[in-house]
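Participant: This is the structure I have questions about; it appears just below.
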Amino acid sequence: MAQVVAPPDPEVAPPPRHAPNGRWAARGWADRIVLTPGADAARGAGVAWRTDIRQTTAEAQIAVEIDGPLLDFTARTVTGVTAPIANENGEARYHQVRFEGLTPSTRYVYRVRAADGWSEWLPFQTAAEGFASFRFIYLGDTQNDILEIGSRVIRSALREAGPAALVVHAGDLVAQRESKVHDDEWGEWTEAGGRAFAMAPQIPAPGNHEYVDHILPDGTESRVLGPHWALQFALPTNGAPGVEQTSYFVDYQGVRFIVLDGTAALDLGGLESQTRWLDQTLASSSARWNIALFHQPLYTCARPEDTEVLKAAWKPIFDARRIDLVLQGHDHCYGRVSDPAGAEASRANTGAGRPQGPVYVVSVTGSKMYGLNDRADTQPVRAAENTELYQLVDVDADRLSFRAFTATGRLYDAFTLTR
Numbered sequence: 044m045a046q047v048v049a050p051p052d053p054e055v056a057p058p059p060r061h062a063p064n065g066r067w068a069a070r071g072w073a074d075r076i077v078l079t080p081g082a083d084a085a086r087g088a089g090v091a092w093r094t095d096i097r098q099t100t101a102e103a104q105i106a107v108e109i110d111g112p113l114l115d116f117t118a119r120t121v122t123g124v125t126a127p128i129a130n131e132n133g134e135a136r137y138h139q140v141r142f143e144g145l146t147p148s149t150r151y152v153y154r155v156r157a158a159d160g161w162s163e164w165l166p167f168q169t170a171a172e173g174f175a176s177f178r179f180i181y182l183g184d185t186q187n188d189i190l191e192i193g194s195r196v197i198r199s200a201l202r203e204a205g206p207a208a209l210v211v212h213a214g215d216l217v218a219q220r221e222s223k224v225h226d227d228e229w230g231e232w233t234e235a236g237g238r239a240f241a242m243a244p245q246i247p248a249p250g251n252h253e254y255v256d257h258i259l260p261d262g263t264e265s266r267v268l269g270p271h272w273a274l275q276f277a278l279p280t281n282g283a284p285g286v287e288q289t290s291y292f293v294d295y296q297g298v299r300f301i302v303l304d305g306t307a308a309l310d311l312g313g314l315e316s317q318t319r320w321l322d323q324t325l326a327s328s329s330a331r332w333n334i335a336l337f338h339q340p341l342y343t344c345a346r347p348e349d350t351e352v353l354k355a356a357w358k359p360i361f362d363a364r365r366i367d368l369v370l371q372g373h374d375h376c377y378g379r380v381s382d383p384a385g386a387e388a389s390r391a392n393t394g395a396g397r398p399q400g401p402v403y404v405v406s407v408t409g410s411k412m413y414g415l416n417d418r419a420d421t422q423p424v425r426a427a428e429n430t431e432l433y434q435l436v437d438v439d440a441d442r443l444s445f446r447a448f449t450a451t452g453r454l455y456d457a458f459t460l461t462r
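Numbered per this note's numbering, the sequence shown finishes at 462, counting up by one with no gaps.
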């Protein structure tokens, strides 16, 4: 008698990437957990995370870290704000809590709540009261193919950096464009950093791709900040008037990090306000080192022209107020400019022992690449195209050491600023 063979089960296609209940849909547990520093990173921090819509309150617990497992015995509960979001991946809620009144140089643990329970305990350390040496990671645009391509560079940076205190991002974390929010890209970005982004504070600057196009009633086109930025990052609220969501500063162990919004300055009328605020923020700084972070570079490595509007407004302040390092993105290449007169002048000044700051750096972490412009042989001291990089910056009282590495870990550029 012939054996009857049952037909194979039909293949079930995976859900569309942008469909509710797909890979990037919110669940009953906390995901996209991102830690950010307070304005005074010795005494404050913030955390943002996402859940499904069943979790309607923002609750976190924090405790001083101990050697044993009974962390919840001394934990205190902190509440915050929550907001809904709806997009191609369905409905979700983002939550933010700010930890205030913390003790400098102290190891803490925290966890965040979702409908199906608490997250794991996540450790972090507050900054020192005054100056203390530390290392931070600087990343350029991730933007495209974030999880497929950019993640290896992010993870290599995290591995090679060891106990890096901070990670700074020069904008275009994602590629959202036109009127498309691309929630999946925010999922990829947080997954690329994983729990490291929940334990080392992140300092992001907004790029043009953090904005989406918006059609006004008269039919003209404008840009508005995408919905994820304000929900994903619990940032300090000390920024320029009118640009408070995307400009801010952080004081961390003798360094003042000043974050500016180039898109708001160039396209949305935010130049004058940020310029005044930049001058005031630098004038009031007692930090050992001052570092600016924004997206559109003053000195470009790919585009045919420098960003003259920003250069005219901000460079005189950088020169007068002693900015040491300017970290940028946008051009999808690598370039370092130490002297506006060009590479030869930079080398001559270095050889003569003259001050090197401010140093302007552009870098790229993700897959999107632009070719170098026709000034690449004369303006920057070092330049690269078609190269993914990460940067490690070591901060000491008398020197700031900068190293740029390719995706394979090869040292590509290095310099030192001294006091």
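All C-beta atoms, glycine included, are put in the ideal place defined by N, C-alpha and C. Predicted model, so just to flag it, every value in this text is computed and none were measured.
1) Near G87, which residues of its chain fall below 7 Å by C-beta distance, leaving aside the five closest residues on each side in sequence?
2) Grab the span of the alpha helix (DSSP H) containing D226 for me, first residue to last.
3) Distance, Cα to Cα, Q522 vs I360?
4) Would the beta-carbon of D215 fall within 8 Å of that of H252?
5) Would you list the one or two residues that DSSP bridges to Q168?
6) Compute the beta-carbon to beta-carbon distance between Q288 and W272, rounded to the nearest angstrom, for a pair I have assumed lies under 8 Å.
7) What distance in whole Å lies between the Cβ atoms of R390 and V424, which are believed to be in contact at a cut-off of 8 Å?
8) In whole angstroms, give me the CA-to-CA distance for I96 and E351.
9) Helix, strand or coil: how does DSSP classify G160 here?
10) Between T318, E348 and P279, which has its C-alpha nearest G89's C-alpha?
11) Take S290 as the anchor and find which of V298, S265 and R319 has the nearest alpha-carbon.
12) Taking only runs of the beta strand (DSSP E) that begin and end inside the segment 376–415, which ones reach a length of at least 3 residues, in chain order?
13) If you draw a straight line from the C-alpha of F300 to the C-alpha of F292, how long is it?
14) Less than 8 Å separating the beta-carbons of A345 and Y403?
15) Where does D294 land, buried or exposed, given buried means 16+ other C-beta within 10 angstroms?
16) Going by CA-CA distance only, name the one from T459, V405, I246 and A388 that's closest to S444.
17) Based on Cα-Cα distance, which residue from E163, E221 and A363 lies nearest to E264?
18) Within 10 angstroms of the Cβ of F116, are there 16 or more other Cβ atoms? Answer buried if so, exposed if not.
19) Tell me where the beta strand (DSSP E) around L259 begins and ends.
20) Can the beta-carbon of Y377 be found closer than 8 Å to that of Q275?
21) For V224, I'd like the list of residues in its chain whose CB is within less than 8 Å of its CB, leaving aside the five on either flank, ordered along the chain.
22) Could you check if R150 is buried or exposed, using at least 16 other CB atoms within 10 Å of its CB as the buried criterion?
23) Give me the residue from V107, I105 and S162 with the minimum Cα distance to G71.
24) Could you check the C-alpha separation between S329 and V405 for me, to the nearest Å?
25) Which full runs of the beta strand (DSSP E) of 3+ residues lie inside the segment 311–353, going along the chain?
26) Just the C-alpha distance for R93 and R195, rounded to the nearest angstrom, thanks.
27) If you run the structure through DSSP and keep just helix, strand and coil, what is E287?
28) Compute the Euclidean distance between the alpha carbons of E134 and A386, then round it to the nearest angstrom.
29) Let me know the secondary structure DSSP gives A356 once reduced to three states.
30) When DSSP labels each residue in this structure, what does I366 get in the three-state scheme?
31) Closer than 7 Å by C-beta to D367: which residues in its own chain qualify, once you throw out the five before and the five after it? Chain order, please.
32) Within a Cβ cutoff of 6 Å, which residues of the same chain sit near V369, ignoring the five residues on either side of it in sequence?
33) Based on Cα-Cα distance, which residue from Q139, E234, D261 and Q168 lies nearest to S148?
34) Run the CB neighbour count on A440, radius 10 Å, all protein chains shown included, and call it buried at 16 or more, exposed below.
Facilitator: On the basis of the coordinates in this document:
1) Locating residue 87 in the sequence shown gives position 44, where the first residue counts as 1. For G87, where only same-chain residues beyond five positions count, the Cβ hits under 7 Å are G81, R141, F142, E143 and L145.
2) Indexing the sequence shown from 1 puts residue 226 at position 183. The continuous alpha helix (DSSP H) containing D226 extends over residues D226 to G236.
3) Any question about residue 522 goes unanswered here, given that the chain covers just 44 to 462.
4) Translated into the one-based positions of the sequence shown, residue 215 becomes position 172. Translated into the one-based positions of the sequence shown, residue 252 becomes position 209. Cβ atoms of D215 and H252: closer than 8 Å.
5) Your numbering for residue 168 matches position 125 in the sequence shown. BP columns for Q168 point to R150.
6) Here the question's residue 288 lines up with position 245 in the sequence shown. Here the question's residue 272 lines up with position 229 in the sequence shown. With a Cβ gap of about 7 Å, Q288 and W272 count as contacting.
7) If you number the sequence shown from 1, residue 424 lands on position 381. If you number the sequence shown from 1, residue 390 lands on position 347. That pair is a contact at about 7 Å.
8) Here residue 96 refers to the residue found at position 53 of the sequence shown. Here residue 351 refers to the residue found at position 308 of the sequence shown. The straight-line gap from Cα to Cα measures roughly 46 Å.
9) The count along the sequence shown starts at 1 and reaches residue 160 at position 117. In the structure shown, G160 falls within a strand segment according to DSSP collapsed to helix, strand and coil.
10) Taking the sequence shown and counting its residues from 1, the one referred to as residue 89 is at position 46. Nearest in C-alpha terms to G89, of all of T318, E348 and P279, is P279.
11) For this step, residue 290 is matched to residue 247 along the sequence shown. Put simply, of V298, S265 and R319 the residue whose alpha carbon is nearest the alpha carbon of S290 is R319.
12) Counting whole runs of 3 or more residues, the segment 376–415 contains the beta strand (DSSP E) stretches 377–380 and 402–405.
13) Position 257 of the sequence shown holds residue 300. Position 249 of the sequence shown holds residue 292. Near 5 Å, if we compare the C-alpha coordinates of F292 and F300.
14) Counted from its first residue, the sequence shown places residue 345 at position 302. Counted from its first residue, the sequence shown places residue 403 at position 360. Judged by their CB atoms, A345 and Y403 are not nearer to each other than the 8 Å cut-off.
15) Numbered from 1 along the sequence shown, position 251 holds the residue referred to as residue 294. By the neighbour-count criterion, in which 16 or more other beta carbons inside 10 Å mark a residue as buried, D294 falls on the buried side.
16) Here the question's residue 444 lines up with position 401 in the sequence shown. It is T459.
17) Numbered from 1 along the sequence shown, position 221 holds the residue referred to as residue 264. Cα-wise, what sits closest to E264 is E221.
18) Here residue 116 corresponds to residue number 73 of the sequence shown, with the count starting at 1. By the 10 Å Cβ count, F116 comes out exposed.
19) Counting from one through the sequence shown, the residue named residue 259 turns up at place 216. Counting along the chain, L259 falls outside any beta strand (DSSP E), and DSSP gives it neither H nor E.
20) Residue numbering aside, residue 377 sits at position 334 when the sequence shown is read from its first letter. Residue numbering aside, residue 275 sits at position 232 when the sequence shown is read from its first letter. No, these two residues do not count as a Cβ contact at 8 Å.
21) Looking up residue 224 in the sequence shown gives position 181. For V224, same chain residues with a beta-carbon under 8 Å away, outside a window of 5 residues either side, are N130, E131, V255, G269, P270 and H271 in chain order.
22) Mapped onto the sequence shown, residue 150 falls at position 107. An exposed status is given to R150, since fewer than 16 other beta-carbon atoms sit within 10 Å of its beta-carbon.
23) Against the sequence shown, residue 71 aligns to sequence position 28. Selected option, being the one with the closest Cα: S162.
24) Your numbering for residue 329 matches position 286 in the sequence shown. Your numbering for residue 405 matches position 362 in the sequence shown. Cα to Cα, S329 sits roughly 26 Å from V405.
25) Taking only runs of at least 3 residues, the beta strand (DSSP E) segments lying wholly in the segment 311–353 are 332–336.
26) Sequence index remark: in the sequence shown, residue 93 carries index 50 (1-based). Sequence index remark: in the sequence shown, residue 195 carries index 152 (1-based). Their Cα atoms are separated by approximately 24 Å.
27) Against the sequence shown, residue 287 aligns to sequence position 244. Reduced to three states, the DSSP call for E287 is coil.
28) As a first step, residue 134 is located in the sequence shown; it is residue number 91 there, counting from the start. As a first step, residue 386 is located in the sequence shown; it is residue number 343 there, counting from the start. Take the alpha-carbon of E134 and the one of A386: they are about 52 Å apart.
29) For the purposes of this step, residue 356 is taken as residue 313 along the sequence shown, with counting starting at 1. Three-state DSSP puts A356 in a helix.
30) The residue given as residue 366 occupies position 323 in the sequence shown. Of the three classes helix, strand and coil, the one that applies to I366 here is coil, per DSSP.
31) In the sequence shown, counting from the first residue as 1, residue 367 sits at position 324. W332, N333, I334, G400, P401, L443 and L460, listed in sequence order.
32) Mapped onto the sequence shown, residue 369 falls at position 326. The answer, listed in chain order, is A335, P401 and Y403.
33) Sequence index remark: in the sequence shown, residue 148 carries index 105 (1-based). Nearest Cα to S148 within the set Q139, E234, D261 and Q168: Q168.
34) Residue numbering aside, residue 440 sits at position 397 when the sequence shown is read from its first letter. Exposed, because fewer than 16 other Cβ atoms sit within 10 Å of the Cβ of A440.
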